[in-house]
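See structure below.
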Amino acid sequence: MSNGKKTSPWMYVGIGCGLALLILVVAVVGVGFVGYRYARQVGEELKDPVAREAKVKTVLGADTIPSGYHPLLGLSIPFVMEMAILSDREGLESGGRPFDHRGFIYMNMRGATKQQNELRDFFEGRTTESSMLKQQSIRVRAGDIIGRGEISDKGRRILYVAERGGVEMRNVETEGVTTLLLIECPGDTRARLGIWFGPDPDPTTPVKTANFKGSPADLSEIRSFVSNFDFCSKQ
Numbered sequence: 001m002s003n004g005k006k007t008s009p010w011m012y013v014g015i016g017c018g019l020a021l022l023i024l025v026v027a028v029v030g031v032g033f034v035g036y037r038y039a040r041q042v043g044e045e046l047k048d049p050v051a052r053e054a055k056v057k058t059v060l061g062a063d064t065i066p067s068g069y070h071p072l073l074g075l076s077i078p079f080v081m082e083m084a085i086l087s088d089r090e091g092l093e094s095g096g097r098p099f100d101h102r103g104f105i106y107m108n109m110r111g112a113t114k115q116q117n118e119l120r121d122f123f124e125g126r127t128t129e130s131s132m133l134k135q136q137s138i139r140v141r142a143g144d145i146i147g148r149g150e151i152s153d154k155g156r157r158i159l160y161v162a163e164r165g166g167v168e169m170r171n172v173e174t175e176g177v178t179t180l181l182l183i184e185c186p187g188d189t190r191a192r193l194g195i196w197f198g199p200d201p202d203p204t205t206p207v208k209t210a211n212f213k214g215s216p217a218d219l220s221e222i223r224s225f226v227s228n229f230d231f232c233s234k235q
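If you want it as structure tokens, here you go:
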């Protein structure tokens, strides 16, 4: 993979669990009993491991959860967005770490054509950052870019940017390699963004000579990982 320009020191990507729930509450305010029932249903899904796994699979379009990962959060806000988080930890206890070393965060947002164009400019190297990547609450600390490119299969186009850095959630940061994914589906008007992160297998070696085999920056690993999900199952 080719090297690219270094991005800004901090990029804000995703929506944290607390903020996601806040958005959910705002989304259903004013719709009375139906909204109340929906909010209660979501709360029950978050607490029930079986329901949470089912929701995560639905959002990701997955039959199974990839080995080594567990469903941390699945959330759908009607007509607004969907979100799923996989973690290498089995559960998120109160005050606990959301991740140990690796995880995957996915967002599917409606009516985001402008943001999707901005993201495409960033992923294709025409800009060094996107305003959308600085407006959220899960933080990705961007370091040296390892490479960028695209994958095309199953009628979808997936742009990726792999870089050294870390992901911070709930004031806990994981350090290593992070790959940002922009998923484009045929005739799609949604912005679909993924963040896959894990340990850096060669952290003391400069990017140009480091060996990233087996990490989220390894193209063969990226292909294998995204093959678990049918992101385009929901248009």
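Residue numbers for the sequence shown follow this note's numbering, beginning at 1 and rising by one.
The beta carbon of each residue, even a glycine, is placed where N, CA and C say it ideally should be.
Every value quoted in this text rests on a predicted model; they were computed, and no experiment measured them.
- A straight line joining the alpha-carbon of Leu72 with that of Val56 spans about 8 angstroms.
- In this structure Pro216 is in contact with Val177, their Cβ atoms being roughly 5 angstroms apart against a cut-off of 8 angstroms.
- Going by DSSP, Glu124 is part of no alpha helix (DSSP H) at all; its letter is neither H nor E.
- Put simply, of Leu159, Val140 and Ile183 the residue whose alpha carbon is nearest the alpha carbon of Met169 is Val140.
- Bridge partners of Leu219 according to DSSP: none are assigned.
- About 19 angstroms separates the CB atoms of Gly166 and Tyr106; that is not less than 8 angstroms, and the two are not in contact.
- Bridge partners of Arg192 according to DSSP: Asn108 and Ile183.
- Residue state for Glu90 is assigned as coil, using DSSP reduced to three classes.
- DSSP places Thr64 outside both helix and strand once states are collapsed to three, so it counts as coil.
- Restricting attention to Thr64, Val80 and Arg164, the CA atom closest to the CA of Asp218 is found in Arg164.
- Excluding its 5 nearest sequence neighbours in each direction, Arg190 has C-beta neighbours in its own chain below 7 angstroms: Asn108, Met109, Arg110 and Ala112, listed in chain order.
- Taken atom to atom, the span from the alpha-carbon of Leu182 to that of Trp196 is near 11 angstroms.
- By the neighbour-count definition (other C-beta atoms within 10 Å, threshold 16), Ser220 is an exposed residue.
- Inclusion of Phe104 and Tyr69 in the CB contact set at 8 angstroms is warranted, their separation being smaller than that value.
- In the three-state reduction of the DSSP assignment, Pro49 falls in the helix class, which pools H, G and I.
- Assignment of beta-bridge partners to Ile77 by DSSP yields Met81.
- Distances from the CA of Pro49 to each of Arg89, His101, Thr209 and Pro78 were compared; the closest alpha carbon is that of Arg89.
- Measuring C-alpha to C-alpha distances from Phe212 to each of Ile145, Asn117, Glu173 and Ala54 identifies Ile145 as the nearest.
- Residue pairing by DSSP leaves Thr58 without any beta bridge partner.
- Annotated three-state conformation of Val207 is coil, per DSSP.
- Bounds of the beta strand (DSSP E) holding Asp153 are Arg139 to Asp153.
- The Cβ neighbour count for Val172, taken over all protein chains shown within 10 Å, is under 16; the residue is labelled exposed.
- Within the same chain, and ignoring the five residues on either side of Ala62 in sequence, the residues whose Cβ sits closer than 8 angstroms to its Cβ are Val56, Asn228, Phe229 and Asp230.
- Gly198 places its beta carbon 8 angstroms or farther from that of Arg97.
- Residue burial annotation: Glu150 is exposed, with fewer than 16 other C-beta atoms found within 10 angstroms of its C-beta.
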